[in-house]
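Structure record follows, encoded as structure tokens.
Protein chains: 2
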Amino acid sequence: MVQKNVRIRDVAKAAGVSTATVSRALSNPELLTEATRETVFSAVRSTGYRVNKAARNLRTRQARAVLVLVPNLGNPFFSQIIAGVNESFDDRGYSVLIADTKDHSAAGKLLVDYFLDAQVDGMICLDGSISNKELLEFDENSATSRIVFACEWVRDSNLPSVRSDNIEGARLAVRHLFELGHTKIAHVTGPQDNVLTHARRQGMLEERTRLGLPAQDQWIIRGDFSLESGRVAAEKIILMDEKPTAVFCASDQVAFGLMSTLTANGLRVPEDISVIGFDDIELSEYYVPALTTIRQDRRGLGKKAASLLMECIDNGLESRRLSAPVMVGVELIVRQSATAMRG
Amino acid sequence: MVQKNVRIRDVAKAAGVSTATVSRALSNPELLTEATRETVFSAVRSTGYRVNKAARNLRTRQARAVLVLVPNLGNPFFSQIIAGVNESFDDRGYSVLIADTKDHSAAGKLLVDYFLDAQVDGMICLDGSISNKELLEFDENSATSRIVFACEWVRDSNLPSVRSDNIEGARLAVRHLFELGHTKIAHVTGPQDNVLTHARRQGMLEERTRLGLPAQDQWIIRGDFSLESGRVAAEKIILMDEKPTAVFCASDQVAFGLMSTLTANGLRVPEDISVIGFDDIELSEYYVPALTTIRQDRRGLGKKAASLLMECIDNGLESRRLSAPVMVGVELIVRQSATAMRG
DNA sequence: ATGATTGATGTAATCGATTACATACAAATT
DNA sequence: AATTTGTATGTAATCGATTACATCAATCAT
Numbered sequence: 001m002v003q004k005n006v007r008i009r010d011v012a013k014a015a016g017v018s019t020a021t022v023s024r025a026l027s028n029p030e031l032l033t034e035a036t037r038e039t040v041f042s043a044v045r046s047t048g049y050r051v052n053k054a055a056r057n058l059r060t061r062q063a064r065a066v067l068v069l070v071p072n073l074g075n076p077f078f079s080q081i082i083a084g085v086n087e088s089f090d091d092r093g094y095s096v097l098i099a100d101t102k103d104h105s106a107a108g109k110l111l112v113d114y115f116l117d118a119q120v121d122g123m124i125c126l127d128g129s130i131s132n133k134e135l136l137e138f139d140e141n142s143a144t145s146r147i148v149f150a151c152e153w154v155r156d157s158n159l160p161s162v163r164s165d166n167i168e169g170a171r172l173a174v175r176h177l178f179e180l181g182h183t184k185i186a187h188v189t190g191p192q193d194n195v196l197t198h199a200r201r202q203g204m205l206e207e208r209t210r211l212g213l214p215a216q217d218q219w220i221i222r223g224d225f226s227l228e229s230g231r232v233a234a235e236k237i238i239l240m241d242e243k244p245t246a247v248f249c250a251s252d253q254v255a256f257g258l259m260s261t262l263t264a265n266g267l268r269v270p271e272d273i274s275v276i277g278f279d280d281i282e283l284s285e286y287y288v289p290a291l292t293t294i295r296q297d298r299r300g301l302g303k304k305a306a307s308l309l310m311e312c313i314d315n316g317l318e319s320r321r322l323s324a325p326v327m328v329g330v331e332l333i334v335r336q337s338a339t340a341m342r343g
Numbered sequence: 001m002v003q004k005n006v007r008i009r010d011v012a013k014a015a016g017v018s019t020a021t022v023s024r025a026l027s028n029p030e031l032l033t034e035a036t037r038e039t040v041f042s043a044v045r046s047t048g049y050r051v052n053k054a055a056r057n058l059r060t061r062q063a064r065a066v067l068v069l070v071p072n073l074g075n076p077f078f079s080q081i082i083a084g085v086n087e088s089f090d091d092r093g094y095s096v097l098i099a100d101t102k103d104h105s106a107a108g109k110l111l112v113d114y115f116l117d118a119q120v121d122g123m124i125c126l127d128g129s130i131s132n133k134e135l136l137e138f139d140e141n142s143a144t145s146r147i148v149f150a151c152e153w154v155r156d157s158n159l160p161s162v163r164s165d166n167i168e169g170a171r172l173a174v175r176h177l178f179e180l181g182h183t184k185i186a187h188v189t190g191p192q193d194n195v196l197t198h199a200r201r202q203g204m205l206e207e208r209t210r211l212g213l214p215a216q217d218q219w220i221i222r223g224d225f226s227l228e229s230g231r232v233a234a235e236k237i238i239l240m241d242e243k244p245t246a247v248f249c250a251s252d253q254v255a256f257g258l259m260s261t262l263t264a265n266g267l268r269v270p271e272d273i274s275v276i277g278f279d280d281i282e283l284s285e286y287y288v289p290a291l292t293t294i295r296q297d298r299r300g301l302g303k304k305a306a307s308l309l310m311e312c313i314d315n316g317l318e319s320r321r322l323s324a325p326v327m328v329g330v331e332l333i334v335r336q337s338a339t340a341m342r343g
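Residue numbers (this note's numbering), protein chains in the order written: chain A, 1 to 343; chain B, 1 to 343.
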């Protein structure tokens, strides 16, 4: 006979024990005798009791919720990361809130407000472009110990973070193109000042140098991870006298925009020019041509970020503050968009 | 001099009033004199006071949070809807939780558990595949007055919902193909028993009949909205003796899978076969060929669902229970994947 | 002038769970 | 047998905001 608004007192009465005992049965069962524990459990079942989170949160001064900050929810790249975060936190009985930094910076809301409103115990930030002002606010409110960065991170800070091995990913990409016989390799970067842009470009340049490949300034094309920037990059390539034979794009979306525009202008992919992406989102497998790319383990990144954050929340920051970023491996996924040089 | 853990009592002391007055200043300012109101406001500012949501939620028996249930977070279709929901609820000071029904039906969790556990005030459900048993549970917990369906809905129920005009969308698609000179039109449906599948197929069939176009059973191909089902559909089409000259797909993702496989098997899109999708997700514009499709106003759907839910929460269900679904218009987006018949 | 009405503010109970401390009883130690 | 130790459970204070009710003063009607 399940009814609503069952309070812990009702369960206690039904089980013939005190509210303290019921509370213990649920959160520290090892403190009770087998017998009382079972009595309480059966009372919980028969009454259909659920703890009232507001009451518990008030008493324990916790929120049992975390916030995931996404630079742009419309970008399908993030969905799997969120799914991973969700998975981990559901097990712990935490709620996961999601906010789009794009929407919020427009609304003039500061990130630290979430902490001050005591809505969340911690935060996973997928956006590394946090202003110094915001970070300072965090410090002032001792919130820095409850924030974890994932995928992106803040340059020159030692805030805990989880990230793919971007440098290695870029190297894998360049090496793969080299092994296919390409020497004139271009790179469409991400947005300026972005840490991922920097890491991937660095890996690309290092590997190109290591392999002794030719370099031209015009082959490093500034983009911003978007489809549109892939289009723009393609238009630049089309106008080049000395065209690259392969392009390494800083994201899959850039690769899509690039390939579409190249194709529309009579340059075939991969016959005339090879393309390789970075991320491996769902669609990459089905694009025409299917995209050769560097896979990031997105769900894994989300799960790891979640456990790192739980650790920060449970133990405070001491151990974590100075720790190295958690690195997640990347993998080359060979499909159809990059092929061996002709002749 | 902002410090943390400021309670309403501290503000009251600073302002020389009672806690009741502070509370009123914040939630019913019109009850106070201009003078006291200002005194309280300046005390709030100088102390940096923030209401403790747990305490407020406990006292008012609200959660000030809603849940969005998504069938599959990895599907980029949903991101914009969530963004719309977020936008609306942020203004009202509500938190938005997101859960993936796929992750949870595996865990044997019932939908009504989200209400009982997560303690949310309402729910926006993007998944229409709710069993009768589940709905009954909702009724028993008088939760039916706080649930709104968006995009999908439950067949034969009059639960409040917001949806695109799917029938009209399908008609637009068929009409467009007809105007391009196509008469042999196939349709890759969504999953069986899905309300969207039904509506889009109905619209397609009705318009085909209205235009007096030929019908063949094999031209209605069962799919499930996924890329993979697009592949499978393409393989069936390739084997047909009498091939359709155009295919209307129940989702953009189906269209991607279909086009990729057709192309890989030497059938060019749109030269040999025209394809039209449904949804208009971000990538559709950049696919090769860019996808002609029916646009759903996803952000608008999210925002409308949010206001409908707020209405339900504020006013109870009376007015809403019997109301007709809120319809959101769709739009034909002409791109490159569908073209005029040759000859 | 007296009682009724209105408006502004204060007092204190309340929401429901957790947990420090108190108590009771049993087992172990002397 | 008396004391100590340990284990299981109960009592009641507490978290912080809201709000029904009480109070008081000012205004109004008679």
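Quick reminder that beta carbons are idealized off the backbone N, C-alpha and C, glycines included.
If you check the CB distance, Ala233 of chain A and Val85 of chain A do not come in under 8 Å. If you look at Gln336 of chain B, you'll find it isn't in any beta strand (DSSP E); DSSP assigns it neither H nor E. At least one CB atom of chain A sits nearer than 8 Å to the CB of Glu87 of chain B. Straight through space, the alpha carbons of Gly74 of chain B and Glu140 of chain B are spaced by roughly 32 Å.
Where Thr292 of chain A is concerned, the enclosing beta strand (DSSP E) starts and stops at 292 to 296. Taking 4 residues as the minimum length, the alpha helix (DSSP H) runs contained wholly in the segment 61 to 120 of chain B are 79 to 91, 101 to 106, in order along the chain. With contacts defined as CB atoms closer than 8 Å, Thr47 of chain B and Ala14 of chain B qualify as a contacting pair. At a cut-off of 8 Å between beta carbons, Gly257 of chain B contacts chain A.
For Ile167 of chain A, the enclosing alpha helix (DSSP H) has its first and last residue at 166 to 179. Between Tyr94 of chain B and Arg61 of chain B, the gap from beta carbon to beta carbon reaches 8 Å or more.
The beta-carbon of Leu32 of chain A is placed no less than 8 Å from the nearest beta-carbon of chain B. Nearest Cα to Arg9 of chain A within the set A:Gly122, A:Glu152, A:Val44, A:Ser88: A:Val44. A Cβ-Cβ distance of about 7 Å is found for the pair Ser79 of chain B and Ser79 of chain A, placing them in contact under the 8 Å criterion. At least 8 Å separates the beta-carbon of Leu262 of chain B from that of Val254 of chain B. Burial of Val120 of chain B is indicated by the presence of at least 16 other C-beta atoms within 10 angstroms of its C-beta. The Cβ atoms of Val174 of chain A and Ile185 of chain A sit closer than 8 Å to each other. At least one CB atom of chain A sits nearer than 8 Å to the CB of Thr263 of chain B.
Each of A:Ile81, A:Ser145, A:Leu177, A:Ser23 was checked against the Cα of Arg342 of chain A, and the nearest Cα belongs to A:Leu177. The residue from B:Met259, B:Gln202, B:Met123, B:Asp127 with its alpha-carbon nearest to that of Leu309 of chain B is B:Met123.
Using a Cβ distance threshold of 8 Å, Leu159 of chain A and Ile147 of chain A count as a contacting pair. DSSP lists A:Ile220, A:Phe248 as the bridge partner or partners of His187 of chain A. Using beta-carbon distances, Lys53 of chain B counts as an interface residue toward chain A, with a partner under 8 Å.
Flagged as an interface residue toward chain A: Arg50 of chain B, by a C-beta distance shorter than 8 Å. Listed in chain order, the positions of the segment 64 to 92 of chain A with a beta carbon within less than 7 Å of a beta carbon of chain B are Leu73, Gly74, Pro76, Ser79, Gln80, Ile82, Ala83, Asn86, Glu87. Within the DSSP bridge table, the entry for Ser161 of chain B names B:Phe149 as partners. Using a Cβ-Cβ cut-off of 9 Å, Leu227 of chain B is close to Glu282, Leu283, Glu285, Tyr286 of chain A, given in chain order. The shortest CA-to-CA distance from Leu227 of chain B to any of B:Gly212, B:Ala20, B:Gly257 is the one to B:Gly257. Selection A:Leu111, A:Ala150, A:Glu235, A:Phe115 evaluated against Lys133 of chain A yields A:Leu111 as nearest (Cα-Cα). For Asp127 of chain A, there is no enclosing alpha helix (DSSP H), as DSSP gives it neither H nor E.
Here the C-alpha atom of His104 of chain B lies approximately 14 Å from the C-alpha atom of Leu126 of chain B.
In the three-state scheme derived from DSSP, where H, G and I count as helix and E and B as strand, Glu331 of chain A is classed as strand.
In the three-state scheme derived from DSSP, where H, G and I count as helix and E and B as strand, Val6 of chain A is classed as coil.
Distance from the CA atom of Lys102 of chain A to the CA atom of Asn194 of chain A, rounded to whole angstroms, is 16 Å.
Under the Cβ criterion of 8 Å, Lys243 of chain A is not counted among the residues facing chain B.
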